[in-house]
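Quick notes on the structure that follows.
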Amino acid sequence: MQRTGKKDVITLLLFLGIIIIAAIILLVQAGHAGWLFFLVPTWLVFGAISFCFWFPDVISQPLNPSGIFSRLPFIWNIAGFLSPLYIVQSGKLQRDYFLLKNKPRIRLLYIYPDSAAVIQAKDGQKWVLQSGFHYLGCHKEISLCFKTGINQFVIGPLAEENPFDQKRSSESYTAYHSRRLRAQKVKTYTKDSRVIFASLRVVYLLSSSGKQGEESGNDLFQKISADFQQMNREGELAQILEEYFTRRIIDLWIAKISQLNSEEIYKDGEVERIMVEINSAMRNSARPSARQALHQESNTVEDNDPGDEWSLPFFRVYLDMLWLQPKQDSSVVKRT
Numbered sequence: 132m133q134r135t136g137k138k139d140v141i142t143l144l145l146f147l148g149i150i151i152i153a154a155i156i157l158l159v160q161a162g163h164a165g166w167l168f169f170l171v172p173t174w175l176v177f178g179a180i181s182f183c184f185w186f187p188d189v190i191s192q193p194l195n196p197s198g199i200f201s202r203l204p205f206i207w208n209i210a211g212f213l214s215p216l217y218i219v220q221s222g223k224l225q226r227d228y229f230l231l232k233n234k235p236r237i238r239l240l241y242i243y244p245d246s247a248a249v250i251q252a253k254d255g256q257k258w259v260l261q262s263g264f265h266y267l268g269c270h271k272e273i274s275l276c277f278k279t280g281i282n283q284f285v286i287g288p289l290a291e292e293n294p295f296d297q298k299r300s301s302e303s304y305t306a307y308h309s310r311r312l313r314a315q316k317v318k319t320y321t322k323d324s325r326v327i328f329a330s331l332r333v334v335y336l337l338s339s340s341g342k343q344g345e346e347s348g349n350d351l352f353q354k355i356s357a358d359f360q361q362m363n364r365e366g367e368l369a370q371i372l373e374e375y376f377t378r379r380i381i382d383l384w385i386a387k388i389s390q391l392n393s394e395e396i397y398k399d400g401e402v403e404r405i406m407v408e409i410n411s412a413m414r415n416s417a418r419p420s421a422r423q424a425l426h427q428e429s430n431t432v433e434d435n436d437p438g439d440e441w442s443l444p445f446f447r448v449y450l451d452m453l454w455l456q457p458k459q460d461s462s463v464v465k466r467t
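So in this note's numbering, spot 183 of the sequence shown is number 314, and the numbers just go up one at a time.
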């Protein structure tokens, strides 16, 4: 749940107001100590309900012990009033943090169970933070945010769209132009000059805990963060990877589909063969790591330490739909 600074201020004012009213009643109204039996439970119930409303996952998910005990001293409550609480959810950090040139100081950070973050100190040292509350202290910034688990995105038109359709009367101009832009990304021609569009779905895994025989999630996140720092990239990892994967996959798709005639596309196994070749080129099974590919993409020239190479635990490209320019009647080839 994304919260604005205005909501933070209102919540703090409500808590302060209750505390002030209770103090006035108890300290000024002598002989009314019985109010303790009403005000204190009321304040506790109100605080518990507010906490459950803002942080519902805390009730169902255990807090990170290292984030609570080793990184949250008792003063975290005081720091919370001096600095707003930042939240990382679904791999995204609120308040447009990465867009700011002069980044605000973050004291308190809450990471949802579906996310992780890389923290960088002023001396360049990095830490990977998992879910829970974290007290960052001074001279530390967030360099990268992850959405752990399965991530996916679509390249090209959505499966339910037809890129050859004109603007519909019920369709707004914004929706129409968005649909056209998605289609133009993958627009290409067959060998006999027929227009063809594809809807490609990319699925990959960012694991927060390594399986047997794989590097741990923290090691993977550390290596990815180090690479992006060398390329002066920071922010949400999903967006950065999507930009790179999209360019690479579109280049492979256009290069391969343009070698076929339109009649060859209907042959059994041709489209499947192209998808196998694309996945083979994108997959890291041969260990030309994603690190090496990203450095080549950014024209970074340096000797890569093989021990610093990293690869995603799972990566796959699927073809959801294929549209071929009709000669007379509409022709749609569906592949899954």
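Each residue gets a CB set at the ideal place from its N, CA and C atoms; glycine is no exception.
Being a predicted model, the structure only gives us computed values, none of them experimental.
For residue i, collect the residues of the same chain with a Cβ closer than 7 angstroms to its Cβ; drop the 5 residues on either side in sequence, then sort them by chain order.
i           : result
residue 445 : 335 and 336
residue 293 : 454
residue 383 : 409 and 412
residue 364 : 371
residue 414 : 446
residue 253 : 270
residue 391 : 321, 322 and 401
residue 318 : 326 and 328
residue 393 : 321, 323, 325 and 455
residue 385 : 319
residue 296 : none
residue 398 : none
residue 109 : What is shown of the chain runs 132 to 467, which leaves residue 109 out entirely.
Is it buried or exposed, residue i, if we count other Cβ atoms within 10 angstroms and call 16 or more buried?
i           : result
residue 247 : buried
residue 204 : With a pLDDT of 43 at residue 204, under the threshold of 50, the modelled position of this residue cannot be trusted, and the question is left open.
residue 233 : exposed
residue 176 : exposed
residue 242 : buried
residue 344 : With a pLDDT of 37 at residue 344, under the threshold of 50, the modelled position of this residue cannot be trusted; read the value that follows with caution. By the 10 Å Cβ count, residue 344 comes out exposed.
residue 358 : buried
residue 260 : buried
residue 310 : buried
residue 306 : exposed
residue 244 : buried
residue 442 : buried
residue 421 : Model confidence at residue 421 stands at a pLDDT of 48, short of 50, so the residue's coordinates are unreliable; what they give is reported in the following sentence. Per the 10 Å Cβ criterion, buried.
residue 314 : buried
residue 458 : exposed
Near residue i, which residues of its chain fall below 8 angstroms by C-beta distance, leaving aside the five closest residues on each side in sequence?
i           : result
residue 316 : 286, 287, 377 and 381
residue 468 : With the chain represented from 132 up to 467, any question about residue 468 goes unanswered, as that position is not in the structure.
residue 303 : none
residue 387 : 405, 408 and 409
residue 257 : 249, 250, 251, 274, 353, 356 and 357
Along the beta strand (DSSP E) that carries residue i, what are the first and last residues, could you check?
i           : result
residue 393 : Note, residue 393: premise wrong, no beta strand (DSSP E); alpha helix (DSSP H) at 393-396.
residue 447 : 445-455
residue 246 : 246-252
residue 240 : 239-242
residue 217 : 216-220
residue 260 : 257-260
residue 266 : 263-266
Residue i lies in the alpha helix (DSSP H); which residues open and close that run?
i           : result
residue 365 : Per DSSP, residue 365 belongs to no alpha helix (DSSP H) and is neither H nor E.
residue 409 : 401-413
Looking only at its own chain, which residues have a Cβ that is under 6 angstroms from the Cβ of residue i, when we skip the five neighbours before and after it?
i           : result
residue 98  : Here the chain comprises residues numbered 132 to 467, so residue 98 is not present and cannot be evaluated.
residue 146 : none
residue 369 : 222, 278 and 282
residue 201 : Here residue 201 scores only 38 on pLDDT, less than 50, and its place in the model should not be relied on; the value that follows carries that caveat. Nothing meets the Cβ criterion.
residue 180 : none
residue 456 : 325 and 326
residue 449 : 332
residue 299 : none
residue 219 : 242, 246, 248 and 276
residue 373 : 284
residue 367 : 222, 223 and 276
residue 312 : none
Kindly say whether residue i, judged by its beta-carbon, lies nearer than 8 angstroms to any beta-carbon of chain B.
i           : result
residue 285 : Here chain B cannot be found, since the structure has a single protein chain.
Is there at least one non-hydrogen atom of the ligand ZN closer than 7 angstroms to the beta-carbon of residue i?
i           : result
residue 308 : For the ligand ZN, the structure offers nothing, since it holds no ligand at all.
Query raised in the report: When the Cβ atoms of the region 258-274 are set against those of the region 404-411, are three or more pairs found closer than 8 angstroms?
Result: By the Cβ criterion, the region 258-274 is not in contact with the region 404-411, since fewer than three pairs of Cβ atoms, one from each stretch, lie closer than 8 angstroms.
Report task. Determine, using beta-carbon pairs with one atom in the region 238-252 and one in the region 350-364, whether at least three such pairs fall under 8 angstroms. Result -> Contact holds: three or more Cβ-Cβ distances are below 8 angstroms.
Query - the region 273-281 touching the region 222-235, judged by at least three CB pairs closer than 8 angstroms - result: Taking a cut-off of 8 angstroms for Cβ pairs, the region 273-281 and the region 222-235 touch, as three or more such pairs fall below it.
**Report entry** Ordered list of beta strand (DSSP E) runs contained in the region 277-344, each at least 3 residues
**Finding:** Listed in chain order, the complete beta strand (DSSP E) runs (minimum 3 residues) inside the region 277-344 are 280-286 and 326-337.
Query raised in the report: Whole alpha helix (DSSP H) runs in the region 354-389 with 4 or more residues, listed along the chain?
Result: The region 354-389 contains these whole alpha helix (DSSP H) runs: 368-388.
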